[in-house]
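Residue numbers for the sequence shown follow this note's numbering, so the first one is 6 and each next one is one higher. Glycine included, C-beta positions come from ideal geometry on N, C-alpha and C. Okay, structure first, notes after.
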Amino acid sequence: MRIVIVGGGIVAAYMANALKEQSPEHEVVIVSKETYPPYDRIHLCSLVNGSQSIDEIALPLPEDVKLELDAEVVQIDRTAKRIYTKSSAFAYDILVIATGSKPRTLFGIEGVQNAVTFRSANDSACIAERIKGKNVVMMGVGPIGLELLDTLSTIEGPKKIYLVSRGRHLYDKAMTPSSVAMMKRIYEEADPRVEILLEEEIVDKTIVDNEITKIVMKSRTIENPFLIFGVGISPSADFAKEAVTVDKGILVDEHMRSCDPSIYAVGEVAQLPDGYIAGRVKECTLEADAAIASILGKESEGFKEFVTIDGLKVGSFLLADVTSTRYDPKDENNEEIVISSKKEERVDHYITNTNRLVRFIGDCDDISIFNKHRNCQTSFGYTDNLKFELIDR
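In structure tokens, the structure reads:
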């Protein structure tokens, strides 16, 4: 059986390794638009500050996995069971789409020398090479943007570093005002070049000879900028729309099968029946496991959502974000408990729903509470019989 995987990220490499380990007799081919073999995107910041090279963050692949690089798939022929790039065609018995997501921008930046997204090794190289003496403007305040901010503050190159939020939040909209104020203060005090702008946005820009010379914001004008977009992503599924059913992502069942039983989708490009789209490595690899079981004819319940755990270094402490599958930010039954300490510069944010903890954002050291109290009911004084369900699901 010939299994062709489209995509060159963590999930593609994970699937290739797992397939070869479980059924080495099958032929596995990776077709990727990337210039480089699969690498760990989690460590893109290390390419920006030069602490690691692209070879050092490369993901291992079995020697007998065929790798096609600089090959962007533009068409799928379901009848012929072939995929097409601009210059080649590849036959498949099973096709796995693992193309991930594509970054959004606020305006077109193709060909612009001092504007990039932050999704690839090439983006990292561009940032490292071109930020010297520039006023860096980072649009987007999610985890990746904050990690990049922390990285840039360790580099001598930028003249100034602006982190821009259209709203009043950092990291996540669930963050409390006290948490945002604390994070803002920590980042700005750590590096005098850093300025975090809340409720701010780009209203105009000047582009001369493929370079942005000026960015006009609501409160100020920034000249000699280097612009980095981190304003969100969307599934990279445009090329598949004529072959399979696509909503936001490629629609799949719990075994990650599309409407064509020979075509699977996993990771950020796949959309489950309830609208769920994975966004973290653990979830994506669990989807890959479900797809592999189906491809190899093994018994499996399919993909099940799981507790998600994220971490972000903020100054001297590690911010932990633990989220239950039951968490719905729009649920009116959510109740919030905030415990703050100015002395220790930390804020713990508990979100409960019907006496169940559904999300925790706070100091990583406090996550030990979950292990201490899991599988039991406990009283915290501020809410009776609060069940710690996060770790149990």
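Query, Result
"Where in the segment 49-119 do unbroken runs of the alpha helix (DSSP H), each at least 4 residues long, occur, reported from the N-terminal end onward?", "49-53"
"Quickly, what does DSSP pair Ile300 with across the bridge? List them, please.", "In the DSSP output, where bridge partners are listed per residue, Ile300 has none listed."
"Do Gly105 and Gly237 have their C-beta atoms closer together than 8 Å?", "no"
"To the nearest angstrom, how far is the alpha carbon of Leu74 from that of Ile47?", "20 Å"
"Since Leu407 and Leu202 are thought to touch, with beta carbons under 8 Å apart, how far apart are those beta carbons, to the nearest angstrom?", "With the chain represented from 6 up to 398, any question about residue 407 goes unanswered, as that position is not in the structure."
"What are the boundary residues of the beta strand (DSSP E) that Ala179 is part of?", "Counting along the chain, Ala179 falls outside any beta strand (DSSP E), and DSSP gives it neither H nor E."
"Quick check: the Cα distance between Val312 and His354, rounded to an integer number of angstroms?", "17 Å"
"Could you give the distance in angstroms between the alpha-carbon of Asp69 and the alpha-carbon of Phe112?", "42 Å"
"Would you list the residues sitting across from Thr218 in a DSSP beta bridge?", "DSSP output for Thr218 lists no bridge partner at all."
"Sorted by chain position, which residues of the same chain lie with C-beta nearer than 6 Å to Phe417's C-beta, five sequence neighbours on each side aside?", "Here the chain comprises residues numbered 6 to 398, so residue 417 is not present and cannot be evaluated."
"Skipping 5 residues on each side, what residues in its chain have a beta carbon closer than 6 Å to that of Ile62?", "Tyr44, Asp45 and His48"
"Could you check the C-alpha separation between Gly138 and Ile191 for me, to the nearest Å?", "24 Å"
"How is Thr2 classed by DSSP in three states: helix, strand or coil?", "With the chain covering only 6 through 398, there is no way to say anything about residue 2."
"Let's test the definition: count the other Cβ atoms within 10 Å of the Cβ of Ser93 and tell me whether it reaches 16, buried, or not, exposed.", "exposed"
"For the beta strand (DSSP E) that contains Lys348, what are its first and last residues?", "Run containing Lys348: none; DSSP gives neither H nor E here."
"Buried or exposed for Ala21, going by 16 or more other Cβ atoms inside 10 Å?", "buried"
"For Pro43, write down the residues that DSSP places opposite it in a beta bridge.", "None; Pro43 has no bridge partner."
"Quick one: give me the first and last residue of the alpha helix (DSSP H) that Asn22 is part of.", "Ile15 to Gln27"
"What residue range is occupied by the uninterrupted beta strand (DSSP E) comprising Leu202?", "Val199 to Leu202"
"Could you pull out every residue in the same chain whose Cβ sits closer than 7 Å to the Cβ of Ala76, ignoring the five residues on either side in sequence?", "Val36, Ser37, Lys38, Thr90 and Ser93"
"Taking only three categories from DSSP, how would you classify Leu151?", "helix"
"Which residues in the same chain have their Cβ closer than 8 Å to the Cβ of Leu52, if we skip the five residues on either side of it in sequence?", "Ser58, Ile59, Ile62, Ala126, Ser129, Ala130 and Ala133"
"Excluding five sequence neighbours on each side, which residues of the same chain lie with their C-beta closer than 7 Å to the C-beta of Thr122?", "Pro108, Thr110, Asp128 and Phe234"
"I'd like to confirm the pairing. Which residues does DSSP put opposite His354 in its beta bridges?", "Val343 and Ile366"
"What does DSSP give as the partner residue(s) for Val142 in the beta ladder?", "Tyr167 and Leu232"
"Thinking Arg225 and Glu204 are a contact (beta carbons under 8 Å), I'd like their distance in whole angstroms, please.", "With a Cβ gap of about 13 Å, Arg225 and Glu204 do not count as contacting."
"So, under 8 Å CB-CB, Ile412 and Ile99 are touching, yes? Tell me the CB distance rounded to an integer number of Å.", "This structure does not reach residue 412, given that the chain is present from 6 up to 398, and the question cannot be answered."
"Kindly indicate which residue of Pro278, Gln276 and Val363 has the alpha-carbon position closest to the one of Ile314.", "Val363"
"For the beta strand (DSSP E) that contains Ile35, what are its first and last residues?", "Glu32 to Val36"
"State the beta-bridge partners of Val1 as determined by DSSP.", "For residue 1 there is no data in the structure shown, the boundaries of the chain being 6 and 398."
"Would you report the Cα separation of Lys26 and Asp333, rounded to the nearest angstrom?", "This sequence places Glu at residue 26; Lys is not what is there. Cα to Cα, the separation comes out at about 38 Å."
"Could you check which residue in Val199, Asn140, Arg198 and Glu228 has the C-alpha nearest to that of Ile212?", "Glu228"
"With a CB to CB cut of under 7 Å and the five nearest residues on each side skipped, what residues in its chain are close to Tyr19?", "Thr290 and Ala293"
"Identify whether Thr290 lies in helix, strand or coil by the three-state DSSP scheme.", "helix"
"Residue range of the alpha helix (DSSP H) that Ile129 falls in?", "Note that residue 129 corresponds to Ser in the displayed sequence, not to Ile. From DSSP, the alpha helix (DSSP H) with Ser129 extends over Ala126 to Arg135."
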